[in-house]
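Counting from 1 along the sequence shown, just add 139 to a position and that's the residue number in my numbering.
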Amino acid sequence: MTSNVPSAARVPPCSGRAVVLEEGDELIIIDPMGEQVSDLTAFSRDDTAEYLSSGRSIDYASKLFLSTGDTLYSNRSTPMFTIVEDTCGRHDFTLTPCSKKMFEKLYGEQVGRPGCEGNLAAALEPYGIGIDRIPTAFNVFMHVAFDDAGNVSVLPPLSKPGDYVRFRAEMPLIAALTACSAGQSNNFSYKPIDFRVLRAGADITTDAAR
Ligand SMILES: [Zn+2]
140 MTSNVPSAAR
150 VPPCSGRAVV
160 LEEGDELIII
170 DPMGEQVSDL
180 TAFSRDDTAE
190 YLSSGRSIDY
200 ASKLFLSTGD
210 TLYSNRSTPM
220 FTIVEDTCGR
230 HDFTLTPCSK
240 KMFEKLYGEQ
250 VGRPGCEGNL
260 AAALEPYGIG
270 IDRIPTAFNV
280 FMHVAFDDAG
290 NVSVLPPLSK
300 PGDYVRFRAE
310 MPLIAALTAC
320 SAGQSNNFSY
330 KPIDFRVLRA
340 GADITTDAAR
């Protein structure tokens with residue numbers, strides 16, 4: 140599987156898209172050029188007060204780094220996604236999406252860019268989900284390391300061009316994903332992210348993408 144399939148949709152650099160999924164659909168997030176992070180979040184379509192939970196997922200997996208075979212849970216402890224396949228193997232689920240304030244605090248920008256937080260909120264605005272409800276996302280391809288003293292480092296992603304992660308939706312979801320805007324997270328170049336949606340093996344990307 141490559142990003143060159145004509146049905147892949149593209150998230151342009153420093154932006155976000157929403158995707159509407161049924162239970163059983165597969166969302167494939169592809170890094171077409173390598174070293175590019177994509178923040179993924181999701182809400183239950185039945186009740187958007189139910190959202191993808193970093194804390195629950197790490198707790199139930201008993202590990203920080205989730206990959207093939209692992210389940211991503213909601214705040215109500217219901218499975219939202221299963222990672223079906225992962226050609227990269229290293230992602231982060233601890234740091235919040237990059238944001239306007241983060242760019243002002245950590246990068247010294249006079250007026251911070253919207254970041255993944257703002258881009259996820261913009262993609263989810265049609266579903267009534269505002270910026271204060273954007274949780275810690277599953278940061279696909281993000282390379283965060285922790286040392287024994289608890290120091291946190293954001294390192295260049297380990298993803299190579301064409302690496303991808305396949306997520307199976309375990310409930311009807313409104314999901315949103317970005318091409319991340321944070322320099323340090325993406326080895327200081329802003330690249331696109333590609334994605335596909337499969338339903339029972341058929342490509343429905345065009346129908347699912349918002
Ligand atoms: Zn970001």
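Positions of the beta carbon are idealized from the N, C-alpha and C atoms, including for glycine.
The model shown is predicted, which means the values in this text are computed figures rather than measured ones.
| Check | Outcome |
| --- | --- |
| Simplified DSSP state of L325, which is helix, strand or coil | In the sequence under discussion, the amino acid at residue 325 is Asn, which differs from the Leu named in the question. DSSP places N325 in helix when its eight states are reduced to three. |
| According to DSSP, residues forming a beta bridge with E162 | For E162, which the question treats as bridged, DSSP gives no partner whatsoever. |
| The region 154-173 touching the region 298-307, judged by at least three CB pairs closer than 8 angstroms | yes |
| Whole runs of the alpha helix (DSSP H) within the region 178-265, excluding any shorter than 4 residues | 193-200, 239-245, 254-263 |
| L312 beta carbon less than 9 angstroms from that of A181 | yes |
| Alpha-carbon spacing of A318 relative to A261, whole angstroms | 13 angstroms |
| Cβ contact (3+ pairs, closer than 8 angstroms) linking the region 316-330 and the region 285-298 | yes |
| Buried/exposed call for R215, threshold 16 Cβ in 10 Å | exposed |
| Coil, strand or helix - D333 by DSSP | strand |
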